[in-house]
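Chains as they are written, first to last, in the working numbering: chain A, 3 to 245; chain B, 245 to 328; chain C, 176 to 643. Report on the following structure.
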């Protein structure tokens with residue numbers, strides 16, 4: 003039986019936690035993460051003979067490190083590389099919510115966009131052309147109502163397809179102003195040279211241009227930690243094996 | 245055409261304002277942009293808190309409350325009253 | 176140990192950053208990025224989202240016109256708060272009595288069992304009168320109000336009302352130098368101060384977060400509700416016509432909460448003018464649309480997450496506290512129990528603030544958890560000779576009266592409970608969150624000082640006017 007990790011991202015008040023509760027039921031607990039002062043809930047659910055570990059990232063308006071919440075959410079997506087990131091959007095205020103979705107799609111292509119509160123939107127006279135949005139975003143897009151369990155099956159199907167690699171989405175490429183694009187083009191080669199391809203190059207370039215110091219310190223910490231840590235881990239495995 | 249740019253804090257409830265200038269700096273500027281306080285966007289002034297401050301604004305179909313310290317640094321042109 | 180590695184690895188990053196810095200020129204790039212993303216989202220929305228009627232969309236906010244209106248905003252807030260207390264008090268009364276009686280019956284059987292086995296008296300004392308009785312009192316006093324309060328509060332929270340409270344109260348907090356979100360962490364404190372300390376993480380500025388941490392204690396937590404509710408129903412609402420007693424109790428409890436809020440704002444104000452000087456930082460507050468909460472799910476989850484946790488914690492603390500109290504009350508030195516000696520020691524001071532030595536003892540022994548203060552007090556009284564079998568809540572009043580209680584004792588015990596230091600778990604959390612011994616100590620000393628001052632003034636005034 004395979005096991006995948008799913009991260010839940012989204013604005014505050016989009017019903018992200020409702021979806022989390024709907025999927026994991028009472029199989030969840032909250033915990034502190036990596037020394038950061040932010041709580042994240044973690045839970046588990048099964049779908050189609052597959053177990054999914056789900057992390058409810060803090061609800062944020064963006065991932066541009068304006069707050070600890072945003073840093074934690076960003077670091078999780080970039081460094082922990084979940085198999086799928088579900089971006090939960092509020093169907094009644096897509097303008098703002100898509101803002102976050104686009105930011106996530108710049109970081110990872112393994113994403114599923116989940117438009118929540120679709121029944122509420124319908125009731126309020128908001129008509130959403132799902133196919134068009136999916137076509138523009140370039141990742142599977144599903145409309146659901148977490149509280150009334152509408153569309154959950156469709157969502158999980160897409161999540162599994164992306165997690166298992168059966169779908170390899172090509173997300174939208176945001177076109178920036180010529181000036182920014184020119185600067186990006188100048189930065190990207192040296193990023194690829196220094197960091198390899200383990201991180202999304204264009205996104206790193208954007209963050210650097212933006213002067214995102216917190217991302218940089220996270221990156222540094224990672225690079226310093228990875229080698230000694232993995233060595234230590236191997237050593238301890240060895241010890242356990244000896245017993 | 246000379247515009248009558250007003251700070252959000254001075255606008256009456258019910259007015260719609262097209263933003264043209266955000267003079268907040270730093271992290272809060274980013275936060276405001278994230279929330280949709282972007283030049284060109286239209287914001288509706290909703291209501292004041294019972295104690296007069298903060299004021300709630302409608303932006304991108306969401307309601308965001310700002311204190312006077314911030315809303316007095318966001319400027320725009322009045323484009324309509326109660327109706328629209 | 177990873178020194179060489181570290182420098183090697185971060186060097187290229189620094190080079191990258193300096194390269195990026197020369198390319199970027201300040202805010203313009205930032206604004207450019209955000210507005211380009213926004214342009215894209217607007218594009219997408221323009222072609223795929225259609226609003227039939229914007230007015231309809233805004234109808235979800237209709238309630239705000241009333242709930243945050245200059246006239247009705249505050250009355251509605253008070254009414255909702257009062258209603259939550261009323262529901263809790265009215266609903267908890269009968270089950271509390273039932274659980275109380277149930278445990279009394281069980282205790283009878285256990286005692287019979289001990290006698291049948293010819294168990295020594297001290298063993299029966301420690302295990303049954305100490306351990307079992309202490310625990311069962313905590314359960315019967317705490318479980319019903321908690322089982323009602325937490326879910327009701329969670330429903331209110333899920334409905335979306337709390338941000339409106341923050342919106343209404345923001346100006347008060349701004350004036351007192353605090354963060355607007357302090358209203359939210361305060362509401363969390365109604366459930367549990369220890370949990371609320373963790374929730375202050377939503378406040379980014381360290382100064383304002385410290386204010387929220389230091390003042391959170393002034394919101395009565397679940398461990399103190401039973402004390403407040405019981406005392407106000409026994410002493411404050413006693414003279415009121417029976418039909419209105421619950422209402423009177425709820426009003427007195429609400430009055431206590433108001434006092435707590437006033438003290439919170441005052442202490443915040445004083446601190447932000449002295450030790451924690453500074454101006455309030457900016458903040459944005461979203462007022463999310465009102466949503467009908469998922470009633471059963473909310474009740475289940477809040478029962479599991481909160482009620483059960485808090486109850487377990489209370490039991491874990493209550494059991495040893497019961498044992499210790501029994502031992503202190505039954506080990507005799509020089510003709511009197513240790514408990515009585517200690518109570519006598521505190522008596523003069525306690526009298527000055529309108530309490531008695533046993534109450535002070537109960538608060539000291541109750542440091543690990545406020546829940547056990549009342550049970551410890553009762554056990555203290557009962558072990559000191561006046562053996563009344565507390566088989567109902569009415570008898571509790573008898574016990575108090577036999578020990579010379581007046582309404583002033585009740586009032587001051589309520590005030591002291593409201594204001595005194597936070598419980599051990601909360602202090603531990605404060606230490607964990609602030610990593611500062613100084614602030615942890617201050618977070619206990621400041622409230623204690625205020626509690627003593629307030630009860631002292633109250634006691635002296637009431638006595639000076641000859642009201643008791």
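Where a beta carbon is used, it is the ideal one built from N, C-alpha and C, also for glycine. If you're wondering where the values come from, they're calculated on a predicted model, not measured in any experiment.
Neighbouring residues, chain B, relative to residue i (Cβ below 8 Å)
| i | result |
| --- | --- |
| residue 481 (chain C) | Residues of chain B passing the Cβ test: none, with the nearest at roughly 28 Å. |
| residue 620 (chain C) | The contacting residues do not exist; residue 620 (chain C) stays about 32 Å from chain B at best. |
| residue 76 (chain A) | None at all; the shortest Cβ gap to chain B is about 13 Å. |
Beta-carbon spacing of residue i, residue j below 9 Å
| i | j | result |
| --- | --- | --- |
| residue 11 (chain A) | residue 141 (chain A) | no |
| residue 391 (chain C) | residue 597 (chain C) | yes |
| residue 314 (chain B) | residue 286 (chain B) | no |
| residue 187 (chain C) | residue 226 (chain A) | no |
| residue 528 (chain C) | residue 627 (chain C) | yes |
| residue 263 (chain C) | residue 327 (chain C) | yes |
| residue 551 (chain C) | residue 405 (chain C) | no |
| residue 592 (chain C) | residue 395 (chain C) | yes |
| residue 497 (chain C) | residue 554 (chain C) | yes |
| residue 250 (chain C) | residue 335 (chain C) | no |
| residue 402 (chain C) | residue 536 (chain C) | no |
| residue 307 (chain C) | residue 278 (chain C) | yes |
| residue 365 (chain C) | residue 478 (chain C) | no |
| residue 432 (chain C) | residue 256 (chain C) | yes |
Buried/exposed call for residue i, threshold 16 Cβ in 10 Å
| i | result |
| --- | --- |
| residue 451 (chain C) | buried |
| residue 501 (chain C) | buried |
| residue 298 (chain B) | buried |
| residue 324 (chain B) | exposed |
| residue 419 (chain C) | exposed |
| residue 273 (chain C) | exposed |
| residue 280 (chain C) | exposed |
| residue 265 (chain B) | exposed |
| residue 288 (chain B) | buried |
| residue 292 (chain B) | buried |
| residue 534 (chain C) | buried |
| residue 245 (chain A) | Summary for residue 245 (chain A): the model assigns pLDDT 37, below 50, so the residue's position carries little reliability; its value from the coordinates is reported in the next sentence. Residue 245 (chain A) should be labelled exposed. |
| residue 647 (chain C) | Since the displayed chain C opens at 176 and closes at 643, residue 647 (chain C) lies outside it and no answer follows. |
| residue 160 (chain A) | buried |
| residue 612 (chain C) | exposed |
| residue 438 (chain C) | buried |
| residue 209 (chain A) | buried |
| residue 191 (chain C) | buried |
Closer than 9 Å to chain A by CB, residue i
| i | result |
| --- | --- |
| residue 265 (chain B) | no |
| residue 226 (chain C) | yes |
| residue 317 (chain B) | no |
| residue 204 (chain C) | yes |
| residue 286 (chain B) | no |
Neighbour list for residue i in chain C, Cβ cutoff strictly below 8 Å
| i | result |
| --- | --- |
| residue 308 (chain B) | 459, 460, 461, 462 |
| residue 293 (chain B) | 243, 248, 342, 343, 345, 346 |
| residue 300 (chain B) | 239, 243, 342, 462 |
| residue 297 (chain B) | 345, 346, 349 |
Per-residue contacts from residue i into chain A (C-beta, under 7 Å)
| i | result |
| --- | --- |
| residue 271 (chain B) | 68 |
| residue 274 (chain B) | 66, 68 |
Presumed contact (8 Å Cβ cut-off) between residue i and residue j, rounded CB distance
| i | j | result |
| --- | --- | --- |
| residue 201 (chain A) | residue 80 (chain A) | 6 Å |
| residue 262 (chain B) | residue 459 (chain C) | Going by Cβ atoms, the distance from residue 262 (chain B) to residue 459 (chain C) rounds to 20 Å, so no, they are not a contact pair. |
| residue 119 (chain A) | residue 85 (chain A) | Not really, about 25 Å apart at Cβ, beyond 8 Å. |
| residue 216 (chain C) | residue 97 (chain A) | 6 Å |
| residue 372 (chain C) | residue 515 (chain C) | Actually they are not in contact, since the Cβ atoms of residue 372 (chain C) and residue 515 (chain C) sit about 36 Å apart, beyond 8 Å. |
| residue 16 (chain A) | residue 305 (chain B) | Contact flag wrong, Cβ pair sits at about 12 Å. |
| residue 341 (chain C) | residue 355 (chain C) | 6 Å |
Any chain B beta carbon closer than 9 Å to residue i
| i | result |
| --- | --- |
| residue 94 (chain A) | yes |
| residue 236 (chain C) | yes |
| residue 19 (chain A) | no |
| residue 408 (chain C) | no |
Partners in chain B for residue i, counting only beta-carbon separations shorter than 9 Å
| i | result |
| --- | --- |
| residue 129 (chain A) | Simply none; closest approach about 14 Å. |
| residue 178 (chain A) | In chain order: nothing, as chain B lies at least about 15 Å away. |
Under 9 Å by beta carbon: chain A residues contacting residue i
| i | result |
| --- | --- |
| residue 194 (chain C) | 188, 189, 192, 210 |
| residue 290 (chain B) | Per Cβ cutoff of 9 Å: no residues; residue 290 (chain B) is ~15 Å from chain A at best. |
C-beta neighbour in chain C for residue i, strict 9 Å
| i | result |
| --- | --- |
| residue 88 (chain A) | no |
| residue 280 (chain B) | yes |
Neighbouring residues, chain B, relative to residue i (Cβ below 7 Å)
| i | result |
| --- | --- |
| residue 101 (chain A) | 278 |
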